[in-house]
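In what follows, a structure is listed as C-alpha cells, so that the remarks can point back to it.
Chains as they are written, first to last, in this note's numbering: chain A, 1 to 76; chain B, 1001 to 1413.
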C-alpha cells in the first residue's frame, strides 16, 4: 500500500487531452504505456492522493497512474 | 408556489479527512488538524472520527485534546489543499445545478428543483453526489434534503458520516421538532438561554410558541427564528459565482502573547488598521464607521463601533478611531488575547468629498498611502513600515492581509 512518484512522458493534444506515453522508473528504466483503458477524476485510497486517474496497461499489467496537480504517481 | 428541492452538503471532518486521505499511515489513528502552538493558534480545527469518539472537540486546546486521547496525531493545516478540495467539490455540484451557495469552506446549499426531472428526486441526487465525492475526492459527505435551506442544514447534521437525510412535509415534525432549540441556525448561547427561560427547549416548542411573544422577547429575530422553526424560510439559494456585496472589511488576530498595556494594543491596532486600509483601497472603498473587537484571556469578548466624521481609507485615521474606541471601553481588568479592527458603512472611494476649509486636506495623506501601497506591491509587505512596528517584532510580525485565506460567511448577506 503506497505510492511511487514517477517521471512521465506525455502527449498533450490541441484539445488539452493528456495521454501518458512512457514512464521512467527511479532507477532509469523506461516502460512504455501500451494502452490507456480509462481516464477519470478519482481519489487514490491506496496511495493517498487525488487527481486524474489513468488506468493503464504496462507490460501486460494493469496499473493506476495518477496525475495529482502535475505530479504523477502510481499506486502500489 | 412550487415546492423546492434543496440539498445541504456537508463534508465530514473536512480538514482531517483530507489529511487522512493523503497519509494512509495515520488513517487508523486519532488525528486532529491543529494550529501553530508556538504562535498560540494551538486549537483543534478538525478531528477524525476516532478522535471524536475519544471526546476531542473542535476548539479544544491541543494540550487538552492530548489529555483526552493518547496517541493523538497532530497535523498542521494546509489551507491550499483544503481550498483545492473545496473547489473540486463545487465542480461536482455544478453538474447538477447552477444554484450553489457555499457556507464556509466545507458546506454548500444546492437548489436542484430544476434538475429533478433530469437526475431523479432529491434523495437520488444526494446519493449520487455522495458516491461521486467518495470516488472522485476520497472524502465522505452528509447531505440533508428538504424544501428550505434551514431544514436541509439540520438534515445534514443529523447523521454523520456519509448519509442522506430527507426532511419532507410529512416527517419534519418527528425529525426536526424534537431537536434542541440550540441546533437551529442562529440560536446561539444567549438566545438559547432566553428561550429556555420561557420553557422553549425544542425547535417544536419554538414553532408552536406565539410569534408576538417571541417578537417581544427577541425583536425581529423572534419572528425570523419562528419562521425557521416552522419551515417557512424562503431564502433563495444564490447562483454560483454571484459574489455578495462587501458590507465591511475587517481583520483580527490572536496575538503571539497576551497584550498587557495600551502600548501593545496600539501596535496591534496599527498593523490591523493598515491591513484594513489596504484592502479598502484595493476594493476602491472607504469606510465611515470603525468597529473594534476585543477578547480577553478568559475568552469573553465585546465589540464597539463609532462613526468617523468623513469616510476614509487612511490607515492612520482608522487606527486613531479604533484606539479611541478601545481606550473608552476597556479598563484592563484582564490581559487581552485577541483583537480585531473593522471598517463598515462602506462608500465608493471615487465619489466627491466635502473639503474642510480649516482642517487639513485629506488628499495629501491619501496620495501618501497609495504610494506606500505601490512600494509594498513592488518590494514586499515589509519593505516599508511604521517605525513603531520595530519596537516589538514578535507582536507585529504577521501579515493579516495574506496570512488568512478563509473567511467566515453569514447566512444573511
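For glycine and all other residues, C-beta sits at the position ideal for the given N, C-alpha and C.
All values derive from a computational prediction rather than experimental measurement.
Does the beta carbon of residue i sit closer than 9 angstroms to a beta carbon anywhere in chain B?
i	result
residue 40(A)	yes
residue 18(A)	no
residue 49(A)	yes
residue 46(A)	yes
residue 2(A)	yes
residue 10(A)	no
residue 22(A)	no
Would you verify that the beta carbon of residue i is, or is not, closer than 9 angstroms to some beta carbon of chain A?
i	result
residue 1204(B)	no
residue 1048(B)	no
residue 1130(B)	no
residue 1015(B)	no
residue 1134(B)	yes
residue 1011(B)	no
residue 1021(B)	yes
residue 1083(B)	no
residue 1122(B)	no
residue 1031(B)	no
residue 1138(B)	yes
residue 1338(B)	no
residue 1086(B)	no
Within 10 angstroms of its Cβ, does residue i collect 16 or more other Cβ (buried), or is it exposed?
i	result
residue 1379(B)	exposed
residue 1186(B)	exposed
residue 1153(B)	buried
residue 1008(B)	buried
residue 1002(B)	exposed
residue 1361(B)	exposed
residue 1228(B)	buried
residue 67(A)	buried
residue 1107(B)	buried
residue 70(A)	exposed
residue 1005(B)	buried
residue 1202(B)	buried
residue 1212(B)	exposed
residue 1063(B)	exposed
residue 1357(B)	exposed
Looking at the strands, I want to know which residues DSSP matches up with residue i.
i	result
residue 1287(B)	1312(B), 1346(B)
residue 22(A)	9(A), 32(A)
residue 1073(B)	1031(B)
residue 1022(B)	Answer is none; residue 1022(B) lacks a bridge partner.
residue 52(A)	41(A), 67(A)
residue 72(A)	67(A)
residue 1381(B)	For residue 1381(B), which the question treats as bridged, DSSP gives no partner whatsoever.
residue 3(A)	75(A)
residue 1301(B)	1295(B)
residue 1094(B)	None; residue 1094(B) has no bridge partner.
residue 1008(B)	1109(B), 1144(B)
Can you list, in chain order, the residues of its chain with a C-beta nearer than 6 angstroms to that of residue i? Leave out the 5 residues immediately preceding and following it.
i	result
residue 1166(B)	1123, 1145
residue 1195(B)	1181
residue 1381(B)	1399
residue 1315(B)	1273, 1274, 1277
residue 1115(B)	1096, 1097
Tell me which residues share the same chain as residue i and place their Cβ nearer than 8 angstroms to its Cβ, disregarding the 5 neighbours each side in the sequence.
i	result
residue 1320(B)	none
residue 1105(B)	1014, 1082, 1083, 1086, 1406
residue 1191(B)	1218, 1221, 1225
Using a Cβ-Cβ cut-off of 7 angstroms (strictly less than) and excluding sequence neighbours within five positions of residue i, which residues of its own chain qualify?
i	result
residue 1405(B)	Model confidence at residue 1405(B) stands at a pLDDT of 48, short of 50, so the residue's coordinates are unreliable; what they give is reported in the following sentence. Within the same chain, residue 1405(B) has close Cβ partners 1079, 1083.
residue 1018(B)	1081, 1082, 1085, 1139
residue 8(A)	20, 23, 72
residue 1311(B)	1286, 1287, 1288, 1347
residue 1408(B)	With a pLDDT of only 49 at residue 1408(B), under 50, the local geometry of the prediction cannot be trusted, and the value read off the model is given with reservation. Excluding residues within five positions, the ones whose Cβ falls inside 7 angstroms are 1104.
residue 1066(B)	1072
residue 1392(B)	1267
residue 1235(B)	1149
Is residue i close to the ligand SAH? I mean its beta-carbon at under 8 angstroms from any heavy atom of the ligand.
i	result
residue 1087(B)	No copy of the ligand SAH occurs in the structure displayed, which carries no ligand at all.
Determine the chain D residues that contact residue i at a beta-carbon separation under 8 angstroms, and present them in chain order.
i	result
residue 1024(B)	As a matter of chain content, chain D is missing from the structure shown, whose protein chains are A and B.
### Query
Would you call the region 26-33 of chain A and the region 1112-1129 of chain B touching, i.e. three or more CB-CB distances under 8 angstroms?
Judged by Cβ distances under 8 angstroms, the region 26-33 of chain A makes no contact with the region 1112-1129 of chain B, as fewer than three pairs qualify.
### Query
Three or more beta-carbon pairs under 8 angstroms between the region 1071-1078 of chain B and the region 1093-1104 of chain B, yes or no?
no
### Query
Is it a yes or a no for the region 1258-1268 of chain B touching the region 1320-1337 of chain B, going by three-plus beta-carbon pairs under 8 angstroms?
yes
### Task
Say whether the region 53-66 of chain A touches the region 1019-1039 of chain B, bearing in mind that this needs 3 or more beta-carbon pairs closer than 8 angstroms, one atom from each stretch.
Taking a cut-off of 8 angstroms for Cβ pairs, the region 53-66 of chain A and the region 1019-1039 of chain B do not touch, as fewer than three such pairs fall below it.
### Message
Using 8 angstroms as the cut-off, can you tell me whether the region 1135-1145 of chain B makes contact with the region 1164-1180 of chain B, which would need three or more C-beta pairs spanning the two stretches below that distance?
### Response
yes
### Query
Quick check: the region 1251-1260 of chain B against the region 1340-1351 of chain B, are there 3 or more CB pairs under 8 angstroms?
yes
### Message
Contact between the region 1293-1302 of chain B and the region 1330-1339 of chain B is defined here as three or more beta-carbon pairs at a separation below 8 angstroms; is this criterion met?
### Response
yes
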